[in-house]
Structure formats: structure tokens, C-alpha cells
Amino acid sequence: MAFPHLQQPSFLLASLKADSINKPFAQQCQDLVKVIEDFPAKELHTIFPWLVESIFGSLDGVLVGWNLRCLQGRVNPVEYSIVMEFLDPGGPMMKLVYKLQAEDYKFDFPVSYLPGPVKASIQECILPDSPLYHNKVQFTPTGGLGLNLALNPFEYYIFFFALSLITQKPLPVSLHVRTSDCAYFILVDRYLSWFLPTEGSVPPPLSSSPGGTSPSPPPRTPAIPFASYGLHHTSLLKRHISHQTSVNADPASHEIWRSETLLQVFVEMWLHHYSLEMYQKMQSPHAKLEVLHYRLSVSSALYSPAQPSLQALHAYQVPGQQRK
Numbered sequence: 134m135a136f137p138h139l140q141q142p143s144f145l146l147a148s149l150k151a152d153s154i155n156k157p158f159a160q161q162c163q164d165l166v167k168v169i170e171d172f173p174a175k176e177l178h179t180i181f182p183w184l185v186e187s188i189f190g191s192l193d194g195v196l197v198g199w200n201l202r203c204l205q206g207r208v209n210p211v212e213y214s215i216v217m218e219f220l221d222p223g224g225p226m227m228k229l230v231y232k233l234q235a236e237d238y239k240f241d242f243p244v245s246y247l248p249g250p251v252k253a254s255i256q257e258c259i260l261p262d263s264p265l266y267h268n269k270v271q272f273t274p275t276g277g278l279g280l281n282l283a284l285n286p287f288e289y290y291i292f293f294f295a296l297s298l299i300t301q302k303p304l305p306v307s308l309h310v311r312t313s314d315c316a317y318f319i320l321v322d323r324y325l326s327w328f329l330p331t332e333g334s335v336p337p338p339l340s341s342s343p344g345g346t347s348p349s350p351p352p353r354t355p356a357i358p359f360a361s362y363g364l365h366h367t368s369l370l371k372r373h374i375s376h377q378t379s380v381n382a383d384p385a386s387h388e389i390w391r392s393e394t395l396l397q398v399f400v401e402m403w404l405h406h407y408s409l410e411m412y413q414k415m416q417s418p419h420a421k422l423e424v425l426h427y428r429l430s431v432s433s434a435l436y437s438p439a440q441p442s443l444q445a446l447h448a449y450q451v452p453g454q455q456r457k
């Protein structure tokens with residue numbers, strides 16, 4: 134696909150949308166790889182939300198995107214191979230994420246699509262204890278209950294990836310999908326293995342450009358005041374500062390934030406579908422890890438490749454709770 138070097142971002146987006154209808158899937162992905170390599174972040178950020186939705190489907194479940202839950206290597210090996218290469222943690226899509234991350238772009242994610250208890254607590258101005266939501270809640274220009282989270286590119290991508298498992302319509306009973314051959318669940322395993330490596334190592338460095346790295350997301354001032362769970366409602370800003378550690382104290386912190394984000398998103402999006410009261414009781418990080426470990430252990434009975442990821446998760450414990 135040949136793009137004029139100086140074309141406007143809006144024209145780039147329009148061209149890609151047209152290609153998604155008129156060109157074969159393999160050619161679309163080849164064009165996207167070239168676009169990600171050739172275009173600067175200031176133009177790529179305009180296509181990012183559309184591309185993420187095109188891949189994972191819309192948050193309301195109407196658009197199925199690439200339908201990763203039904204894509205199986207034994208049924209459609211060519212398309213499966215293309216998708217897995219494009220969405221691999223070291224592949225073109227993640228390179229786009231890091232390219233935008235380096236420029237500190239933010240993308241709005243509607244609070245209304247978060248799991249029920251999370252959405253309810255934020256709408257009541259009670260911020261969950263998870264640092265995933267700290268300093269990210271923003272009012273829409275029209276006010277009211279139209280709240281958004283201002284997410285960095287990595288967070289935005291992982292939010293959509295995790296929620297696509299829940300928001301998409303249930304598979305037809307007549308459709309038999311093997312989880313061990315399903316693109317979505319294999320990607321889950323790859324992301325866990327990549328971003329939560331075992332034996333005390335850290336994820337590979339960011340690689341948005343040759344020799345370049347993207348810094349850890351800086352803390353932001355809160356957009357609106359929120360209380361937190363507990364007997365005493367402390368301010369978000371004070372609590373956030375009390376949990377801050379200097380990124381200069383440990384160089385690995387520049388890489389570990391991705392591990393923390395991935396784990397927090399999976400826990401928040403997949404496990405919190407019960408009452409608000411139960412959600413408040415589940416705010417302990419150790420309790421969340423235990424539940425996630427249990428859920429993954431159950432899933433591993435059907436999906437054996439997930440075992441390495443379970444080991445990675447087991448090694449990623451709250452400090453002071455590691456096994457002696």
C-alpha cells in the first residue's frame with residue numbers, strides 16, 4: 134500500500150478503513166505493518182483507537198473484530214499465523230503501542246464499560262484501591278455520569294484485549310472451539326509469559342524505535358477528588374503519593390510497570406463481576422492473586438500450554454509473601 138509521505142492523519146484513517154473492506158486480510162496486515170514502521174506517532178495516534186476496536190471488537194459487543202475466540206490454527210492456519218505474528222508481544226501491534234507510549238498520548242476509555250462494581254464505585258466517587266485507576270478518571274465535557282479513564286496506549290490496548298473476552302456475544306452451541314488451538318487464549322498465555330517472566334527476570338525492554346526506550350508512565354494529578362474504600366476516606370493524591378517509589382531507585386521499574394498493568398487489568402476485568410460489597414472485600418492484592426491463580430488453575434485443565442504462565446504468576450507475589 135503506497136501512502137504519500139505528507140498525507141494528513143484523517144486521510145490515513147480513511148484509507149485504512151477503506152482497505153479493511155476492499156482488501157484481503159493478509160494484505161491489510163502487511164499494509165498495517167508498513168504504516169506502523171513508516172508513519173510518526175503524531176499521525177498514528179489517530180488510527181490507534183479504530184485499529185484496537187477493529188481487532189478486539191467494540192465494547193458494546195456489536196462489532197466482533199477479528200473474532201480471536203473463534204480463530205483456530207487447525208481450521209484457518211494462514212489467517213491464524215498472520216494474526217498471531219501481528220499481535221505477538223514482540224510484534225507490530227505492540228511496536229505501535231510503544232511508539233505512542235514514547236510520546237505520552239492518552240486515550241479515553243468509558244467508565245460505563247467497566248465491570249459492574251467497579252463502574253458503580255467510580256460513579257459514586259469512591260475510587261477502588263487498585264492503582265490501575267489512580268489519577269485517570271476524567272469528566273466528559275458534558276458532565277453528568279459520562280466519566281472516562283485517561284489511559285496510556287499500553288493500558289488502552291490491554292483493557293480492550295481483556296474485555297473482549299467478556300463483551301463479545303457467547304459462541305453458538307454448535308461451534309466447537311478448542312481452547313488449546315484458539316488464538317485468544319494462546320495470546321493470553323504469550324502475554325503472561327512475556328510480561329510476567331519467571332525466575333526474577335523482567336520483561337524485555339521497550340522497542341518503539343531502534344535504540345530507543347519508552348519511560349515509565351509518570352504520575353498525574355487527579356482530575357476529580359475521590360474517596361477510597363475503608364473506614365476513613367483519605368484523598369486520592371495523598372494515598373497515591375504514599376505508594377510512590379522512585380523509578381530511579383531500580384532501573385527494572387521502567388519495565389516492571391507493564392507486568393503490574395497486565396496483571397491488574399486481568400484481575401479487574403475478569404474477576405470483578407459480583408456485588409459492590411464483595412468487590413470492596415476483594416481489594417486485598419493477595420486475595421486477588423489467590424483468586425486469579427485459582428481461575429487460571431481451573432482453565433489449565435483444558436489448556437495445558439498455560440502452565441508456564443501459572444508459574445510466572447506464582448512467582449509474581451506481593452513482597453513479604455514469597456515462599457521461604
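In my numbering, the protein residues as written are 134 to 457.
Glycine residues also receive a C-beta, built at the ideal position from the N, C-alpha and C atoms.
Legend entry - Cβ separation of residue 145 and residue 170, assumed to be a contact under 8 Å, to the nearest whole Å: For the purposes of this step, residue 145 is taken as the residue at position 12 of the sequence shown. For the purposes of this step, residue 170 is taken as the residue at position 37 of the sequence shown. Incorrect: roughly 14 Å between the Cβ atoms, too far for contact.
Legend entry - Residue burial classification, residue 249 (beta-carbon count within 10 angstroms, cutoff 16): For the purposes of this step, residue 249 is identified with residue 116 of the sequence shown, where counting begins at 1. Exposed, because fewer than 16 other Cβ atoms sit within 10 Å of the Cβ of residue 249.
Inset, instruction - Leaving out five residues on either side along the sequence, give the residues of the same chain with a beta carbon under 7 Å from the beta carbon of residue 327. - result: As a first step, residue 327 must be located in the sequence shown, where it is residue number 194. Closer than 7 Å at the Cβ level, and outside the excluded window around residue 327, lie 222, 336.
Legend entry - Same chain, Cβ closer than 8 Å to residue 382, neighbours up to 5 away in sequence not counted: Within the sequence shown, numbered from 1, the residue matching residue 382 stands at position 249. With a pLDDT of only 46 at residue 382, under 50, the local geometry of the prediction cannot be trusted, and no value is derived from it.
Inset, instruction - Could you spell out where the beta strand (DSSP E) holding residue 242 opens and where it closes? - result: Within the sequence shown, numbered from 1, the residue matching residue 242 stands at position 109. It spans 240-243 - the beta strand (DSSP E) in which residue 242 sits, taken as one unbroken run.
Inset, instruction - Could you spell out the range, first to last residue, of the alpha helix (DSSP H) harbouring residue 159? - result: By 1-based counting over the sequence shown, the position of residue 159 is 26. Counting along the chain, the alpha helix (DSSP H) containing residue 159 begins and ends at 158-171.
Legend entry - Span of the beta strand (DSSP E), counted from its first residue to its last, around residue 283: To locate residue 283, count along the sequence shown from 1; it is residue 150. Note, residue 283: beta strand (DSSP E), 280-284.
Inset, instruction - Could you round the C-beta distance between residue 132 and residue 239 to whole angstroms and report it? I think they count as a contact, below 8 Å. - result: Residue numbering for the chain in the displayed model covers 134 to 457; residue 132 lies beyond these limits and cannot be assessed.
Legend entry - residue 268 versus residue 212: straight-line alpha-carbon distance, rounded: Here residue 268 corresponds to residue number 135 of the sequence shown, with the count starting at 1. Here residue 212 corresponds to residue number 79 of the sequence shown, with the count starting at 1. Distance between the alpha carbons of residue 268 and residue 212 is about 39 Å.
Inset, instruction - Specify, as a first and last residue, the run of the alpha helix (DSSP H) that residue 228 falls within. - result: Position 95 of the sequence shown, counting from 1, holds the residue named residue 228. Start and end: 225-234.
Inset, instruction - Specify the secondary structure class of residue 398 as computed by DSSP and reduced to three states. - result: Taking the first residue of the sequence shown as position 1, residue 398 is located at position 265. Looking at residue 398 - three-state DSSP - the assignment turns out to be helix.
Inset, instruction - Taking all protein chains shown into account, decide if residue 159 is buried (16 or more other Cβ within 10 angstroms of its Cβ) or exposed. - result: Along the sequence shown, one-based indexing puts residue 159 at 26. By the neighbour-count rule (16 or more Cβ atoms within 10 Å), residue 159 is not buried but exposed.
Legend entry - Continuous alpha helix (DSSP H) stretch holding residue 216: start and end: What you label residue 216 is simply residue 83 of the sequence shown in a count that begins at 1. Here the alpha helix (DSSP H) through residue 216 covers 210-220.
Inset, instruction - Please state whether DSSP places residue 180 in a helix, a strand or coil. - result: Indexing the sequence shown from 1 puts residue 180 at position 47. Residue 180: coil per DSSP, three-state reduction.
Inset, instruction - Report yes or no: do three or more beta-carbon pairs, one from the stretch 193-209 and one from the stretch 257-268, lie closer than 8 Å? - result: no
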